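Encoded as structure tokens, the structure appears first; notes follow it.
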Amino acid sequence: MNPTIRETRPEDKPFIEEMAGLTWGGGDYLARVFDEWLGDNFYVLELDGKVIGTAKLTLLPGKVGWLEGLRVHPNYRGRGYGRLLHSFMLDLGKKLAQKGRIEALEFATYFLNRESISMAEKTGFSVKAKFFVFGARTDSFEPEEPEKVEPSMSDLTLGLIPVGWRFVRRSEEALEWIRKNAEVYDLNGFRFLVSKKGTTFTPLDVGLATLKAMLPAMAWVSGERGRESFDVMLTSGVKPLLPGLKRLGLYLWDETDEPNVLVFRKKLK
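Each number in my numbering comes from the position in the sequence shown (counting from 1) with 1267 added on.
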């Protein structure tokens, strides 16, 4: 039987939970966001009655169609199913562009995800930004409770703002989106944001001293969300600070001196 791509249904959840349990050592977030994504441009690849892949398009500020959640079950990789899903999402993006809903497709990926990078380059995407993502152990810091605050434009100090593994460009529209999808915290005048359900933090002021001050507050939020570890997303400009960042208790998932998160973009109009 030929594989088919269709919208996700509630009964697909067990299949996706199985895939999530086999991805990233069981740390995949797809199972956690399944109910939230259901019915919102969330698709599955089905083969012989079994869901073996997923893909998602999320509308972001600036008429961006954000591609995420592209997965193929480990037992079915290497057979072209990832490319099939990627092509389907490109066609979906073109249809949305024709309706005036988006003007570009974007996505972010880890620098070692060679298959995704190769597919992107072959289909007209180019790298528009690079970031570092660092890991940290929650119990490496003495937690300190921060204050939750309402963000303003003055808090958005970056041109491209990471919100978890989604990235939005600084604008009033992006500010409203952040207010709905993220939380901003303040500790002694230092601020950071984090998506409402994740633990990938973005400092809104970057420097060794400010990060050192914020990490205990990030650890507090991580602990409140029941996580043993958390991540910190930083601009590529921190490259000269790598030794100091590691002394603060941050670590890279894979040893590298170059940014390990790539943000791709393909203009559609």
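Ideal placement from N, C-alpha and C gives every residue a C-beta, glycine not left out.
Since we're looking at a predicted model, the values are computed, not measured.
Asked                                                                                                              : Found
Residue of 1310, 1302, 1283 and 1291 minimising C-alpha distance to residue 1275                                   : 1310
Alpha helix (DSSP H) segments (min. 4 residues) lying fully within the segment 1359-1422                           : 1381-1389
Limits of the alpha helix (DSSP H) - the one that residue 1488 falls within                                        : 1475-1491
Whether residue 1304 touches residue 1317 by CB criterion (7 Å)                                                    : no
7 Å Cβ shell around residue 1280 - same chain, five flanking residues per side excluded                            : 1301
Limits of the unbroken alpha helix (DSSP H) element including residue 1286                                         : 1280-1288
In chain order, each alpha helix (DSSP H) run of at least 4 residues that lies wholly inside the segment 1280-1349 : 1280-1288 and 1297-1304
Contact belief for residue 1499 with residue 1403 at Cβ below 8 Å, rounded distance in angstroms                   : 6 Å
Minimum C-alpha distance to residue 1417 - residue among 1451, 1411 and 1493                                       : 1451
Nearest-angstrom Cα separation, counted from residue 1325 out to residue 1380                                      : 21 Å
Three CB pairs or more closer than 8 Å across the segment 1408-1415 and the segment 1439-1455                      : yes
Distance CB(residue 1289)-CB(residue 1341) smaller than 7 Å                                                        : yes
Which residues DSSP lists as bridging residue 1539, in chain order                                                 : With the chain represented from 1268 up to 1536, any question about residue 1539 goes unanswered, as that position is not in the structure.
Coarse secondary structure for residue 1437, derived from DSSP in three states                                     : coil
Residue 1454, enclosing beta strand (DSSP E) - first and last residue                                              : 1449-1454
Rounded separation between residue 1461 and residue 1502 - CA only                                                 : 15 Å
Segment limits, alpha helix (DSSP H) that includes residue 1514                                                    : 1509-1514
Residue 1443, buried or exposed, once every other Cβ within 10 Å from all chains shown has been counted against 16 : exposed
Three-state class that DSSP yields for residue 1494 in the structure shown                                         : coil
Residue from 1509, 1353 and 1465 with nearest C-alpha to residue 1478                                              : 1509
Anticipated Cβ contact below 8 Å, residue 1334 with residue 1363, distance rounded                                 : Incorrect: roughly 12 Å between the Cβ atoms, too far for contact.
Coarse secondary structure for residue 1532, derived from DSSP in three states                                     : strand
Rounded separation between residue 1350 and residue 1425 - CA only                                                 : 33 Å
Within 7 Å, strictly: CB atoms of residue 1530 and residue 1396                                                    : yes
Classification of residue 1420 by the beta-carbon crowding that lies within 10 angstroms, buried from 16 upward    : exposed
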